[in-house]
Amino acid sequence: WRVKQPMIPWAYLSRRNNKILSGYLEKSINETSEIRKQDAASVFSAVYSNPKGVNVAFNFLINNYKDISNSTASYYEYTFNIVLLIKIMCDFSYGGMNALGNILTENNDELGSAAEAGRNAVESAKADLSWTNKHKEEILTWIKEKITVLATLLIAAVVSYRLPDHTIPISYDVKLKTDVNTTFKFTGEVAITVEIVEETDVIILHSTGLDIISLTIDGSEHDNYTLASDDTHFLTIYLNETIPIGEYATIEIEFEGELADDMYGFYKSSYATNEGTKWLAATQFQATHARKVFPCFDEPDFKAKFTIQLTIPKHYHALANTPLAEEPFEEEEGWLINKFKETDIMSTYLVAFVVSDFVYVTDQDAKYYFTAWAREEAIEKADYSQNIGPELVDWFEEYTGIDYTFEKIDQVALPDFAAGAMENWGLITYREHFRRLLYYDEASTESNKKSTALVVAHELAHMWFGNLITLQWWGDTWLNEGFARYFQYFSTSYVEEDWRLMDQFLVDQQQGVFATDALTSAQALSSFCETPAEISAKFTTISYSKGGSILRMVSHILTPDTFQAGLKKYLNEFKEKNTIPQDLFDALEAQRAEDNRAAPRINNFLPLWTTQPGFPVLTVDRQGNVFNVSQERFLLKEDEESTQENWWIPLTWTKESEAPDGFEKTQPMEWLSGYDYDTIQLDIEPTEWIIFNNQEAGYYRVNYNDENWKLIINGLHNNPEKFHVLNRAQLVDDALNLARAGKLSYQIALEVLDYLHNENDYIPWASAFSALSFLNRRLISIDGHEDFKTYVLKLIDATYESIGFEVNADDNHITHLHRATLINWACTFEHEHCVEQSSKKFNDYFTDNTNLVPANLRSVVYCTALRSGGKDEWDFLWDIYVNSRIAAEKVVILSALGCTEDEDLLT
């Protein structure tokens, strides 16, 4: 099919030849191109992120959507980028929005999940365009004086997708024989021992994409079964007689399948060497893909024990969740049988195996085998993850009081992997190309190092939160992912102590997720899902970042000690079991009562934060020493009325006379107890400011009347150090987003921002750059954008001079992050010194082919050079991309190639 093309009034866009940009995009879907399938979405993103490439990317999408959907392995990422492109295209005009709306309607079936997300993007863009018309004059006037959205998922379940609970699996014996590099097929058999817990004459489990060869029950052949043709994926076995409660049965199934190429189930992968292409096979079962590899009860609540046997070509080796039970042996010429030990009780989505020729490094000193696996060229880059990993496991054991239960932890860097990483018990898998496990000293940035540490910590956190205790159903995905997101920062902060990771958590996660959670389409942490598509949609920033942020808030409410003790109760009571949120609430409440913490009962406040979408904005109306405090749901779109949600909100505050020490008090001083309004009377001087939400420990925004905002602005400009650094970040983020939502004038918001002239700390700047990104996107296509750029350059000038362009040997982690972000903005806005230095460093590289550009600056230097360069510079980087074997380098170059303003190159 072909998407119906609109007539779009974008005549002012460049009509120059688009051969180069289009050519770059064509490479991303060409099977013979050097660009890997999983990186195709990155190419698309790189092109549409370039203002010169927006129209090119749109036309490419229109003309090639079918090829994209067929050829792109990471289709979810591509769909996400399509929605972003729609949003950007909609920024141009109402006509463009209406035309795109027609596309989405006319091609609803073909676009699938992208259609609803696209409609939301169009809706959001209309609001943004309205915002531009309303606020641009106010913003630009202020600047001149100074320089002289995923989608609501519609629930329409007609049939039940859940397995009945009359039959539960006890154990699986899975045997697979796979040809990894010729036919790419596998044969298998599974023996499932089940217990009948409710009288039944039918057994229902899951299977999809497999050819069933034979099926027996307790040794007798059985052919009375059906395979669902819909996405329930039910394998229904009709029994000859009713089986009573308490009986056991063994189901044996022989089957055949093919290694997938979409990076789900049991799939094939490859990597290039000087000798040619090397093939391997790996698994990704979360959340509903184990059923593609062997028939099983593929829901998290059906825990069982698994014994895996893999028969593989002789020159390969195999990994599974557990160590080998015996040495591999050859029963058939050319084939090795690998039998693995039985696992502990666990869910099907955690089963994993890898067949490859990878090499390894291992930690001989760990109390269990801690090993990293990768292709031979890359294995030496696993040193950092190997160093930090055992330290993190030790930390989790001490924090939880529960030892790691498996005999080993293998970590595998896979060339092709749909997720960033996967917490398979005993066999964690990572995507090599997104710097998840491997850290290249010569090519990786400080941000890459942070990513490696955090992702390793995230997956190790799951060994306790997700694997040992597991959510009962995917509607509460946050019970797994929220804990892992919170603890990836919290645990690593004890290993990399000078990284200030809990400060970074605020800007990375809490402030980051606010934008998504401020949409009317936002889902609650706990929400309905049933189909595979609905389950997949639960793996969003809400489950991860909001889940982690709510846990951070609870830790502050209860104190870290009580929070930790409550989690120990939770883990010990439910280890090897499945849980619902109420189980967590009960454990925390028991500990709160035991420690006599001055907080409401957990059930009074916490469910309101997990079952309702969105979050509140607190409005503080100051009248002398009386503060009238009210709440409403914060919505980012100005023309939407707040809905009726109410929260129990923990209140903390610091007066100027108590600062900065007062900001250390993060336990609630009072509660806004589920009502709209409360009054607080304080002993405060009329000239001193007050800040609510110390260290932004609460998951909410705060607005004030103009009187208090002006006092805050005066304090920020005169003595910013009296404000806690997290509250400085809070004020910048809150002010600009309140203004964006129409709840605060931009005059006040920009006066708050203007204090950054005197700010040298990375954390408030990170908040500022996030908020400034919105303003830049909205102002880029209108008159006055040059004034905006000039103002931003003046704002960052003092910090730029302080940090400098050049990397110093004694720079710490935070300085590296700050410089990289600051220089990116400086060069993008054509800061003279920044552009000169970037061009010089690139020209030196271009001339003598020796790369002396510091890894932390390569992204900026490459992009800046290509923005002002031509075909020679572009071809130079393209050749390096094609010939590089370093994943971190390839990702940086792939993004930089989209920076050229030569549309011929982009197409």
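Per my numbering, residue 10 is the first one in the sequence shown, and the count goes up by one each step.
Here a beta-carbon is modelled for each residue, glycine too, at the ideal position from N, C-alpha and C.
Q | Rounded straight-line distance, which links the Cα of Arg787 to that of Glu898 | A | Here residue 898 corresponds to residue number 889 of the sequence shown, with the count starting at 1. Here residue 787 corresponds to residue number 778 of the sequence shown, with the count starting at 1. For Glu898 and Arg787, the distance between alpha carbons rounds to 32 Å.
Q) Who does Tyr948 pair with in a DSSP beta bridge? A) Outside the displayed range of the chain (10 to 916) lies residue 948, so it cannot be described from this structure.
Q. Could you give the residue range of the beta strand (DSSP E) that holds Ala926?
A. For residue 926 there is no data in the structure shown, the boundaries of the chain being 10 and 916.
Q: Determine the DSSP secondary structure at Leu660, reduced to helix, strand or coil.
A: If you number the sequence shown from 1, residue 660 lands on position 651. Strand.
Q. What residue from Ile222, Thr540, Phe362 and Tyr439 has the CA that sits closest to Asp307's CA?
A. On the sequence shown, position 298 is the one that residue 307 refers to. Minimum Cα distance to Asp307 is reached at Thr540.
Q) For the alpha helix (DSSP H) that Gln520 lies in, which residues bound it at each end? A) For this step, residue 520 is matched to residue 511 along the sequence shown. Segment Gln520 to Asp526, the alpha helix (DSSP H) holding Gln520.
Q.
Rounded to whole angstroms, what is the Cα-Cα separation between Ala470 and Tyr890?
A. Here the question's residue 470 lines up with position 461 in the sequence shown. Here the question's residue 890 lines up with position 881 in the sequence shown. Taking the straight line joining both Cα atoms gives about 35 Å.
**Q.** Nonlocal neighbours in the same chain, by C-beta distance under 8 Å from Lys646, ignoring five residues either side
**A.** Along the sequence shown, one-based indexing puts residue 646 at 637. Ser133, Ala136, Leu528, Thr529 and Ala750.
Q. Residue range of the alpha helix (DSSP H) that Gln739 falls in?
A. Taking the first residue of the sequence shown as 1, we reach residue 739 at position 730. Per DSSP, Gln739 belongs to the alpha helix (DSSP H) from Val734 to Arg749.
Q. Alpha carbon to alpha carbon, how far is Leu759 from Leu745?
A. Start at 1 with the first residue of the sequence shown, and residue 759 comes out as number 750. Start at 1 with the first residue of the sequence shown, and residue 745 comes out as number 736. When rounded, the distance between both Cα atoms is 7 Å.
Q. Are three or more beta carbon pairs between the region 416-429 and the region 286-305 nearer than 8 Å?
A. yes
Q: Assuming Lys350 and Ala375 form a contact by the criterion Cβ under 8 Å, report the distance between their Cβ atoms to the nearest whole angstrom.
A: Taking the sequence shown and counting its residues from 1, the one referred to as residue 350 is at position 341. Taking the sequence shown and counting its residues from 1, the one referred to as residue 375 is at position 366. About 18 Å; that fails the 8 Å criterion.
Q) In its own chain, which residues sit with a C-beta less than 8 Å from the C-beta of Ile252, not counting the 5 before and 5 after it? A) On the sequence shown, residue 252 is found 243 positions in, with the first residue counted as 1. So the qualifying residues of the chain are Ile205, Glu208, Thr209, Asp210 and Ala258.
Q: Report the option in Leu826, Glu841, Asp881 and Asn892 whose CA atom is closest to the CA atom of Ser868.
A: As a position in the sequence shown, residue 868 is number 859, starting the count at 1. When each option's Cα is compared against that of Ser868, the closest is Leu826.
Q) So, helix, strand or coil for Pro424, using DSSP? A) Within the sequence shown, numbered from 1, the residue matching residue 424 stands at position 415. Coil.
Q | Same chain, Cβ closer than 7 Å to Lys578, neighbours up to 5 away in sequence not counted | A | The count along the sequence shown starts at 1 and reaches residue 578 at position 569. Here the set comprises Ala596, Ala599 and Gln600.
Q: Please say whether Ala466 and Thr501 have beta carbons closer to each other than 8 Å?
A: On the sequence shown, position 492 is the one that residue 501 refers to. On the sequence shown, position 457 is the one that residue 466 refers to. Contact flag set, yes.
Q. Under a three-way DSSP split, which group does Tyr21 fall into?
A. What you label residue 21 is simply residue 12 of the sequence shown in a count that begins at 1. Per-residue confidence for Tyr21 stands at a pLDDT of 29, beneath the threshold of 50, marking its modelled position as unreliable; the derived number appears in the next sentence. In this structure, Tyr21 counts as coil in the three-state DSSP scheme.
Q) Closest by CA to Pro3, which one among Ala299, Phe303, Thr316 and Ile317? A) The shown model of the chain, from 10 to 916, leaves out residue 3, and the question about it has no answer.
Q: Take Met562 and list the residues in its own chain whose beta-carbon comes closer than 8 Å to its own, dropping the five residues that flank it on each side.
A: Residue numbering aside, residue 562 sits at position 553 when the sequence shown is read from its first letter. Around Met562: Trp618, Pro659, Ala706, Gly707 and Tyr708.
Q) Beta-carbon separation of Lys555 and Asp517 under 8 Å? A) For the purposes of this step, residue 555 is taken as residue 546 along the sequence shown, with counting starting at 1. For the purposes of this step, residue 517 is taken as residue 508 along the sequence shown, with counting starting at 1. Not a contact, by the Cβ cut-off of 8 Å.
(Q) Comparing C-alpha positions only, which one of His442, Ala864 and Leu446 sits nearest to Glu389? (A) By one-based count along the sequence shown, residue 389 stands at place 380. Of the candidates His442, Ala864 and Leu446, the one whose C-alpha sits nearest the C-alpha of Glu389 is Leu446.
Q: In angstroms with no decimal places, state the Cα-to-Cα distance between Asn59 and Val52.
A: Stepping through the sequence shown from its first residue, residue 59 is reached at position 50. Stepping through the sequence shown from its first residue, residue 52 is reached at position 43. Rounded to whole angstroms, Asn59 to Val52 spans 11 Å at the Cα level.
**Q.** Which listed residue (Phe195, Ile757 and Thr479) has its alpha carbon closest to that of Asp582
**A.** As a first step, residue 582 is located in the sequence shown; it is residue number 573 there, counting from the start. Note on residue identity: the sequence assigns Glu, not Asp, to residue 582. Selected option, being the one with the closest Cα: Thr479.
Q) If you run the structure through DSSP and keep just helix, strand and coil, what is Leu138? A) Taking the first residue of the sequence shown as 1, we reach residue 138 at position 129. DSSP places Leu138 in helix when its eight states are reduced to three.
Q: Give the secondary structure of Arg509 by DSSP, where H, G and I count as helix, E and B as strand, and everything else as coil.
A: Within the sequence shown, numbered from 1, the residue matching residue 509 stands at position 500. Residue state, collapsed to three classes: coil.
Q) Which residue comes first and which comes last in the alpha helix (DSSP H) that contains Glu641? A) Locating residue 641 in the sequence shown gives position 632, counting from the first residue. Not the alpha helix (DSSP H): Glu641 falls in the beta strand (DSSP E), residues Val635 to Arg642.
(Q) Taking its Cβ as the centre, do 16 or more other Cβ atoms sit within 10 Å of Ala542, making it buried, or is it exposed? (A) Translated into the one-based positions of the sequence shown, residue 542 becomes position 533. Burial call: exposed.
Q: Assign Gln632 to one of three DSSP states: helix, strand, or coil.
A: The residue you call residue 632 lines up with position 623 of the sequence shown. Strand.
(Q) Quick check on the DSSP output: the beta strand (DSSP E) that includes Pro304 runs from which residue to which? (A) Within the sequence shown, residue 304 is the residue found at index 295, counting from 1. That residue, Pro304, is in no beta strand (DSSP E); it is neither H nor E in DSSP.
Q.
Cutting at 8 Å between CB atoms, please list the residues of its own chain near Ser535, excluding the five before and the five after it.
A. The sequence position of residue 535 within the sequence shown is 526, counting from 1. So the list reads Gly484, Asp485, Trp487, Pro590, Thr619 and Thr620, once near-sequence residues are dropped.
Q: With distances taken Cα to Cα, identify the nearest neighbour of Asn702 among Tyr377, Ile566, Cys908 and Cys843.
A: As a first step, residue 702 must be located in the sequence shown, where it is residue number 693. It is Ile566.
(Q) Using the three-state DSSP reduction, which class does Ser278 fall into: helix, strand or coil? (A) Residue 278 sits at position 269 when you count from the first residue of the sequence shown. Correct three-state label for Ser278: strand.
Q | Element boundaries [alpha helix (DSSP H), containing Trp718] | A | Position 709 of the sequence shown, counted from the first residue, corresponds to residue 718. Its alpha helix (DSSP H) spans residues Asp715 to Asn727.
Q: Tell me whether Trp382 sits in a helix, a strand or coil according to DSSP, three-state version.
A: To locate residue 382, count along the sequence shown from 1; it is residue 373. Three-state DSSP puts Trp382 in a strand.
Q | Simplified DSSP state of Ser564, which is helix, strand or coil | A | Position 555 of the sequence shown, counting from 1, holds the residue named residue 564. Looking at Ser564 - three-state DSSP - the assignment turns out to be helix.
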